[in-house]
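Here is the structure we will look at, set down as C-alpha cells.
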Amino acid sequence: MDTNTDNKLRLFTRGQGKRLKLRGLRRRWLASSVGPIIVILVLVGVLSAATISSSLDARARSSLEAKAKSGSDYFSAYSMGSYSEYYRRAAQYVTDYSMNDSLAKNVELQFINGKRQVELSSRGAVAGSTPATPEVGRAVETGKTASFSGRDPLTGESILAVSSPVFYNGTVVAVMRFVTSTRLLDQQLWLTVLVMAAVIAAVIFLIFVSNLIFINNVVQPVAEVSEAAKRISSGSYGIQIANKYTDELGQLVDNINNMSLKISQSEKMQTEFISSVSHELRTPLTAISGWGETLLGDETGDPRQLRRGLRIIVKEARRLTGMVEELLEFSKMQDGRFTLQVEEMDLQAELEDAIYTYRELFRQDGIQLNYHSDQELYTELISGDPQRLKQVFCNVLDNAAKHGGAGKRIDVDMTQEGDSYVVRIRDYGPGIPPAEVPFVKQKFYKGSSKARGSGIGLAVCDEIVQRHGGVFDIGNADGGGAIVTIRLPISGQEL
1 MDTNTDNKLR LFTRGQGKRL KLRGLRRRWL ASSVGPIIVI LVLVGVLSAA
51 TISSSLDARA RSSLEAKAKS GSDYFSAYSM GSYSEYYRRA AQYVTDYSMN
101 DSLAKNVELQ FINGKRQVEL SSRGAVAGST PATPEVGRAV ETGKTASFSG
151 RDPLTGESIL AVSSPVFYNG TVVAVMRFVT STRLLDQQLW LTVLVMAAVI
201 AAVIFLIFVS NLIFINNVVQ PVAEVSEAAK RISSGSYGIQ IANKYTDELG
251 QLVDNINNMS LKISQSEKMQ TEFISSVSHE LRTPLTAISG WGETLLGDET
301 GDPRQLRRGL RIIVKEARRL TGMVEELLEF SKMQDGRFTL QVEEMDLQAE
351 LEDAIYTYRE LFRQDGIQLN YHSDQELYTE LISGDPQRLK QVFCNVLDNA
401 AKHGGAGKRI DVDMTQEGDS YVVRIRDYGP GIPPAEVPFV KQKFYKGSSK
451 ARGSGIGLAV CDEIVQRHGG VFDIGNADGG GAIVTIRLPI SGQEL
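Using UniProt numbering, you'd call the opening residue of the sequence shown number 1 and step up by one each time.
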C-alpha cells in the first residue's frame with residue numbers, strides 16, 4: 001500500500017471514528033432523555049385505555065341495569081290474574097320497546113320464564129331456547145338484578161347481558177333480560193385508543209425531533225472543540241474556535257481558546273528560554289575561553305593585561321555560576337524539590353547584606369544605590385530561610401540594574417505596615433510596558449527588554465516569597481521606572 005493510500009485510510013478511519021462517537025452521543029442522549037418519556041407516555045396510554053374500557057363497560061352496564069330494573073318493577077307492580085294476561089302485557093311491552101325505545105336498535109329485550117326459557121324477544125329469538133349465560137340463574141335464585149360481560153357460550157360473541165327478576169306475589173315468575181353485543185363498545189374503545197395513540201405518537205415525534213435538533217446543536221460545537229483539541233494535542237498551538245454561543249458551550253469554547261493561546265504563549269516562551277539560556281551560557285564561556293587563550297598566548301607578561309583578563313574571567317565565571325544555580329533552583333521548583341530551611345531571622349540584616357554586596361558593583365557601573373530604613377523600629381523577627389530571601393533581594397537588585405540601569409539610580413526602602421515588613425526596590429529606567437506587567441512573573445517570560453537574562457529569576461523569586469506566606473508584586477512606579485514590592489509577615493518574636 002503506498003503512502004497516499006495509507007494516509008487516506010487513516011483520515012477515513014479517524015473521520016469514521018469521530019462520526020461513530022458522535023452518533024453514540026446522540027444515541028445515549030436520545031435513550032436517556034426521550035426513552036423514559038416514551039415509556040411514560042406508553043404507560044399513560046395503556047392505563048388510559050384500560051380506564052376508558054372500564055368506564056365504557058360500567059356506563060353501559062349501569063344503563064342496562066336501570067332499564068331492566070324499571071321494566072321488572074313495572075311488571076311486578078301489576079297483579080297478573082293469568083298467564084295469558086302476563087303474556088299479553090309482555091308482548092305489548094316488547095312491541096312498544098321495539099318501536100319506541102332508542103335502545104332497541106342495539107339492545108335485545110327478552111322475557112324468560114321460570115324454566116329459564118325465552119318466551120318473547122325483540123329480535124326474534126327462538127322461543128324455548130335457554131340462554132347460556134349465568135346471570136339469568138343468579139337473578140332467579142337471588143331475586144336481584146344480575147349482569148354478565150364476556151363471550152356467549154352458545155355464539156362465541158362478546159356480549160353484555162343484564163337480567164332483572166319479575167315478581168308475582170313475592171315469587172320470581174319471570175326474568176326481563178337485556179342483552180347487547182359489545183362490538184360497538186369495542187369499536188368506540190378502539191377509536192379512542194387510536195386517537196390516543198395518534199396523539200402520543202405525535203407528541204413522541206415532536207419530542208424526538210426537538211431533542212434531535214437540540215443534541216445536534218450540542219454535538220456540532222462539541223465536534224469543533226474535539227477537533228480543535230486534537231489539533232492542539234498534535235502541536236497546533238494557538239488555534240482559535242469561532243464562538244457563536246452565549247451559554248455553557250460558549251464558556252467551554254472560550255476556555256479552549258484561552259487554553260490554546262496560553263499553551264502557544266508558553267511554548268513560545270520555552271523556545272525563547274532555551275535560545276536565551278543557550279546564548280547566556282555561551283557568552284561567559286566565550287569570554288572565559290577567549291581571555292584564557294589570550295593570557296596563555298601572551299608572551300609579554302604584562303601585569304595589567306593579566307589582571308584585566310583574570311578579572312573578566314572571574315566576573316564571567318561568577319555570572320555563569322549564578323545562571324547555573326538559577327537553573328538548578330528552577331529545576332527544583334518544577335519537580336517539587338524546592339525546600340526552605342526556615343528559622344527565626346532578621347530580615348533587615350539580610351537586605352542590608354545584599355545591598356552591601358551590590359553597592360560597589362553598581363558604583364563601578366555608574367549606578368547610585370540608595371537605601372532607607374528606620375533601623376530602631378525593626379526589632380521583630382520573621383520565620384524564613386535567610387539564604388532564599390537574600391537570593392530574592394540579590395535577584396531583584398540585579399534585575400533593577402539590568403533593566404533600569406539607564407536611570408543611574410536605584411532606591412531601596414524597608415517599612416513596617418501592620419503585621420508585615422514591606423521592602424520596595426525601585427529603579428528609574430524606562431519601566432515595564434503595561435501590556436507586559438501581568439506576565440513578568442511567569443516562567444520563561446522575557447518581554448520586550450533587550451537585557452540579558454533567562455526569564456526564570458522573577459518566577460523563582462515569586463515562588464520563594466509565596467512559600468514564606470508573602471506577596472511578590474511588580475509594577476510601574478509613579479514618575480517612571482519599575483518598582484518591586486516584597487511583603488513578608490512578621491513572626492512576632494523580637495531580637
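Positions of the beta carbon are idealized from the N, C-alpha and C atoms, including for glycine.
Determine the direct distance from the alpha carbon of T294 to that of R452, and round the result to whole angstroms.
-> Caution is warranted here: a pLDDT of 47 is assigned to R452, below 50, making its placement in the model unreliable, and the coordinate value is therefore given only provisionally. Their Cα atoms are separated by approximately 25 Å.
Which one of L340, L154 and P131 has the shortest CA to CA distance from I112?
-> Minimum Cα distance to I112 is reached at P131.
Using DSSP with H/G/I as helix, E/B as strand and the rest coil, what is L403?
-> First, the residue type needs correcting, since residue 403 is His and not Leu in the sequence shown. DSSP places H403 in the helix class (H, G or I) of the three-state scheme.
Local conformation of N370 per DSSP, three classes | Taken through DSSP and simplified to helix, strand or coil, N370 comes out as strand.
What are the start and end residues of the beta strand (DSSP E) that includes D427?
-> Note, D427: beta strand (DSSP E), S420 to D427.
Where G481 and N216 are concerned, what is the direct C-alpha to C-alpha distance, given to the nearest angstrom?
-> Cα to Cα, the separation comes out at about 55 Å.
Can you list the alpha helix (DSSP H) stretches of 4 or more residues lying completely in the stretch 298 to 371, in chain order?
-> Runs of the alpha helix (DSSP H) inside the stretch 298 to 371: 303 to 335 and 347 to 364.
Nonlocal neighbours in the same chain, by C-beta distance under 6 Å from G128, ignoring five residues either side = Once the five neighbours on either side are set aside, the close Cβ partners of G128 are Q117.
Can you tell which of L328, S102 and D411 has its C-alpha closest to the C-alpha of G429?
-> Closest option to G429, judged by alpha-carbon separation, among L328, S102 and D411: D411.
So, using beta-carbon positions, are P284 and E329 closer together than 8 Å?
-> The Cβ atoms of P284 and E329 lie no closer than 8 Å to each other.
Assumed close pair V140, V172 - CB separation to whole angstroms, cut-off 8 Å | Indeed, because the Cβ distance is near 5 Å, the residues count as touching under 8 Å.
Rounded separation between I464 and T321 - CA only | Roughly 20 Å separates the two Cα atoms.
Let me know if E360 comes out buried or exposed under the rule of 16 or more other beta-carbons within 10 Å of its beta-carbon.
-> When all chains shown are included, E360 counts as exposed.
Taking buried to mean at least 16 other C-beta atoms within 10 Å of its own C-beta, is I388 buried or exposed?
-> The question names Ile, but residue 388 in the sequence shown is Arg. Classification of R388: buried, given that the 10 Å Cβ count is 16 or more.
Hey, how far is the Cα of V440 from the Cα of G292?
-> One C-alpha to the other measures close to 37 Å.
Of all the options A104, F214 and T95, which has the alpha carbon lying nearest to the alpha carbon of L64?
-> Nearest of A104, F214 and T95 to L64, Cα basis: A104.
What distance in whole Å lies between the Cβ atoms of I483 and V437, which are believed to be in contact at a cut-off of 8 Å?
-> Not really, about 11 Å apart at Cβ, beyond 8 Å.
How should I40 be labelled, buried or exposed, when 16 other C-beta atoms within 10 angstroms of its C-beta is the threshold for buried?
-> Counting of Cβ neighbours within 10 angstroms places I40 among the exposed residues, the total staying below 16.
Consult DSSP for A482 and reduce its assignment to one of helix, strand or coil.
-> Residue state, collapsed to three classes: strand.
May I ask you to list the residues that DSSP assigns as paired with T51?
-> Answer by DSSP bridge pairing: none, since T51 is not bridged.
Segment limits, alpha helix (DSSP H) that includes E135 | Its alpha helix (DSSP H) spans residues E135 to T142.
Terminal residues of the continuous alpha helix (DSSP H) containing V107?
-> Looking at the DSSP string, V107 is not in any alpha helix (DSSP H); the run it does join, the beta strand (DSSP E), is V107 to N113.
Please check if any C-beta of chain B sits within less than 8 Å of the C-beta of E316.
-> Among the protein chains of the structure shown there is no chain B, as only one such chain exists.
Below 8 Å between beta carbons: does that hold for M176 and S72?
-> Taking 8 Å as the Cβ cut-off, M176 and S72 qualify as a contacting pair.
From the DSSP output, in three-state form, read off N211 for me.
-> Under the three-state reduction of DSSP output, N211 falls in the helix class.
Expressed to the nearest angstrom, what Euclidean distance is found between the alpha-carbon atoms of S181 and S84?
-> Cα-Cα distance, rounded: 31 Å.
Residues in its own chain within less than 7 Å of A400 by CB, not counting five upstream and five downstream?
-> Apart from sequence neighbours up to five positions away, the residues of its chain that approach A400 with a beta-carbon distance below 7 Å are I410, I425 and D427, ordered along the chain.
Under the three-state DSSP convention, the category T180 falls into = Correct three-state label for T180: strand.
Alpha-carbon to alpha-carbon, G156 and I37 | Near 40 Å, if we compare the C-alpha coordinates of G156 and I37.
Would you decide whether V203 is buried or exposed? Buried here means 16 or more other CB atoms lie within 10 Å of its CB.
-> An exposed status is given to V203, since fewer than 16 other beta-carbon atoms sit within 10 Å of its beta-carbon.
Excluding the five sequence neighbours on either side, which residues of its own chain have a C-beta within less than 6 Å of the C-beta of D413, listed in chain order?
-> H372 and R424.
Is the CB-CB distance between A68 and S158 below 8 Å?
-> No. Outside cutoff.
Through-space distance from R59 to L43, alpha-carbon basis | Rounded to whole angstroms, L43 to R59 spans 24 Å at the Cα level.
Using the C-alpha atoms, what's the distance from H468 back to S454?
-> Annotation note: pLDDT 48 at S454 (below 50); position unreliable, no value reported.
Around the C-beta of M99, are 16 or more other C-beta atoms found within 10 angstroms, so that it is buried, or is it exposed?
-> Answer is exposed; the Cβ neighbour count stays below 16.
Length of the line joining the Cα atoms of G15 and G235 = Its pLDDT being 45, under 50, G15 is placed unreliably in this model, and the coordinates cannot settle the point.
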